[in-house]
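Protein chains in written order, with the numbering used here: chain A, 1 to 110; chain E, 1 to 119.
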């Protein structure tokens, strides 16, 4: 199973919106509404930000939103803040009953 | 609050074995599966598989069969990952992550254990 494709880096100024894409196939992203997104600050454990494509766990800011179109899922961060600077990765459930991870995106707040 | 606390860094020689732990707290251990994830230096994250904490039944992802063993000690709410016949390419950060109930995602993660294999 090949990794899901994410841009290596995305940047934006405070207050702006950015979108991170996560592209897979019809056997993973396109086939199920089981895409999740995670934030990871250096040296810290990953944190679940979005699950089931667009649902937010309790306590996660509504500045984070998820969507999907075809084989590509997206994470949008609105009103970018300095604390959003981190690595982000997606995970999708697959037709083989396994999980495939995205390649990861470094978000920089300018 | 839910916590997954992993054991400390390990430095091992090629051919040796290592057993990593993932001690959980703040919830009923047997209600959520535990997954294991590997991140090699400069590489992306890879799902290694999961273990059913109710039955103890492990499922290994392709590429992680044979030398990798998932186990549990439910009396101390702890999951383990053992790697045998260590190779240099096993050098990586290893994470445990809890399955969200009725979900297909991981709602809590350990902080990771760094394994270095070097002669």
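Cβ coordinates follow ideal geometry from the N, Cα and C atoms, glycine included. Computed from a predicted structure; not experimentally measured.
Asked	Found
What residue range does the beta strand (DSSP E) around residue 92 of chain A cover?	86-93
Would you report the Cα separation of residue 80 of chain A and residue 87 of chain E, rounded to the nearest angstrom?	42 Å
Listing by chain order, which chain E residues have their CB less than 7 Å from the CB of residue 3 of chain A?	44
Please name the residue, chosen from E/18, E/4 and E/13, that lies closest to residue 32 of chain E on a Cα-to-Cα basis.	E/4
Restricting to Cα atoms, I'd like to know which of E/105, E/78 and E/27 is closest to residue 101 of chain A.	E/105
Are residue 95 of chain E and residue 19 of chain E touching if we call contact CB-CB under 7 Å?	no
Relative to the C-alpha of residue 116 of chain E, which candidate in E/92, E/97 and E/47 has its C-alpha closest?	E/92
Have a look at residue 19 of chain A and residue 95 of chain A and give me their C-alpha separation to the nearest angstrom.	26 Å
Count the other CB atoms, across all protein chains shown, that sit within 10 Å of the CB of residue 42 of chain E; report buried if there are 16 or more and exposed otherwise.	exposed
Does the Cβ of residue 90 of chain E have 16 or more other Cβ atoms within 10 Å, making it buried, or fewer, making it exposed?	buried
Going by other Cβ atoms of all chains shown within 10 Å of its Cβ, with 16 needed for buried, is residue 29 of chain A buried or exposed?	buried
Can you tell me whether residue 67 of chain E is buried or exposed? The criterion is at least 16 other CB atoms within 10 Å of its CB, across all chains shown.	exposed
How about residue 6 of chain E and residue 103 of chain E: are their beta carbons less than 7 Å apart?	no
Whole angstroms is fine: what's the gap from residue 52 of chain A's alpha carbon to residue 119 of chain E's?	44 Å
For residue 12 of chain E, write down the residues that DSSP places opposite it in a beta bridge.	E/117
Quick check on residue 98 of chain E: does DSSP put it in helix, strand or coil?	strand
To the nearest angstrom, how far is the alpha carbon of residue 39 of chain E from that of residue 88 of chain A?	14 Å
Under a CB-based cut-off of 7 Å, is residue 107 of chain E close to chain A?	yes
With three or more C-beta pairs closer than 8 Å as the rule, is the region 102-109 of chain A touching the region 2-12 of chain A?	yes
Which residues in chain E sit within 9 Å of residue 20 of chain A, going by Cβ to Cβ distance?	Residues of chain E passing the Cβ test: none, with the nearest at roughly 14 Å.
Report the partner residues of residue 43 of chain A according to the DSSP bridge assignment.	Answer by DSSP bridge pairing: none, since residue 43 of chain A is not bridged.
When burial is assigned at 16 or more other CB atoms within 10 Å of the CB, is residue 86 of chain A buried or exposed?	buried
Look up residue 106 of chain E in the DSSP assignment and say whether it is helix, strand or coil.	strand
So, helix, strand or coil for residue 75 of chain E, using DSSP?	helix
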